[in-house]
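Visitor: Using this note's numbering, the first residue of the sequence shown is number 10, and each one after it goes up by one.
For each residue, glycine too, the CB sits at the ideal point set by N, CA and C.
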Amino acid sequence: MISKTRVLWAGVGMALLVSGSVWAAKPATPAGKFSYAIGVQIAQGLKRDNLKVEIDPMVDAIRDVMAGRDPQLSREEIQAAFTSYQEDQKKDYLKQAQANQERGKAYLDVNRGKDGVTELESGVQYHKVKEGKGKQPTTSDTVVVHYRGTLVDGKEFDSSYSRGEPATFPVNAVIQGWQEVLPLMHVGDKWQVAIPSALAYGETGAGTSIGPNETLLFEVELLEIK
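#1: How would you label P221, buried or exposed, when you count the other beta carbons within 10 angstroms and need 16 or more for buried?
#2: Does the stretch 195-204 touch the stretch 81-89, meaning 3 or more C-beta pairs lie closer than 8 Å?
#3: Compute the distance between the beta-carbons of G216 and I204, then report whether it is under 8 Å.
#4: On the three-state DSSP scale, how would you describe S218?
#5: For E189, count neighbouring C-beta atoms within 10 Å of its own C-beta (all shown protein chains included) and say buried if the count is 16 or more, exposed if not.
#6: How should P39 be labelled, buried or exposed, when 16 other C-beta atoms within 10 angstroms of its C-beta is the threshold for buried?
#7: Terminal residues of the continuous beta strand (DSSP E) containing P179?
#8: Would DSSP call T92 helix, strand or coil?
#9: Let me know the secondary structure DSSP gives V202 once reduced to three states.
#10: Assuming R121 contacts V161 (C-beta within less than 8 Å), just tell me the rounded distance between them.
#11: Could you please give the first and the last residue of the uninterrupted alpha helix (DSSP H) stretch that includes Y45?
#12: May I have the straight-line CA-CA distance separating G77 from I51, to the nearest angstrom?
#13: By Cβ distance below 8 Å, which residues in the same chain neighbour A176 in space, the five residues on each side in sequence not counted?
#14: Which residue from E140, K142 and G125 puts its Cα closest to that of Q134?
#15: On the three-state DSSP scale, how would you describe Q110?
#16: Just to check my reading of the structure: I234 and K144 have Cβ atoms closer than 8 Å, yes? What is that Cβ distance to the nearest angstrom?
#17: Quick check on DSSP: helix, strand or coil for V31?
#18: Let me know the secondary structure DSSP gives K104 once reduced to three states.
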């Protein structure tokens, strides 16, 4: 969800960037470079947070204020615009959360009936792709794993394979679903794991890649116990 403070900060940053002119070439002065750098950060933040803004009205407002002109909207209209935007965002968020919950449940319902799939009491499901003969980690151990994470629609959100190197982390520092699965694995194992949203990132989600109530699918290969 987007906070009013974050929206206001975007406006403040744009005010520093736009004071009556637009750069047509690479800025050369210290002030120009500083302003451009702030503009990059603000634009990246707007894109990351998926704010539905129209740049032209935003720039018009900044120019009005910087020039000492009265804003075209009253204080009450500005407050109403924030409130309306946040209400729309909340509706979209709840709609997405419900859709993700239903989609994840449908996937798990089908997956649990597949050959070789084991379901834990918590709802975590796994399928052994390759069996190793090494030791099993405890929740206090640090492990080295290769993994690939996708949503139920197949969209990849993270992969140590893509980065070209395995990940190292304490077992007790990852999402609950992983904490349940890793101690069951042996070094050398490679599993396919399905984690219900409640044991992943829940209603909050994670960044822009994992929405609210997303069921997560992982390919996990346990390489080493530190």
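Guide: Taking the coordinates as given:
#1: buried
#2: no
#3: no
#4: coil
#5: buried
#6: exposed
#7: A176 to P179
#8: helix
#9: strand
#10: That belief does not hold up - the Cβ atoms of R121 and V161 are roughly 14 Å apart, past 8 Å.
#11: P39 to R57
#12: 23 Å
#13: V153, V154, H155, Y156 and S169
#14: G125
#15: helix
#16: 6 Å
#17: With a pLDDT of 48 at V31, under the threshold of 50, the predicted position of this residue should be treated as unreliable, though the coordinate-derived value follows. Here V31 sits in coil by DSSP.
#18: helix
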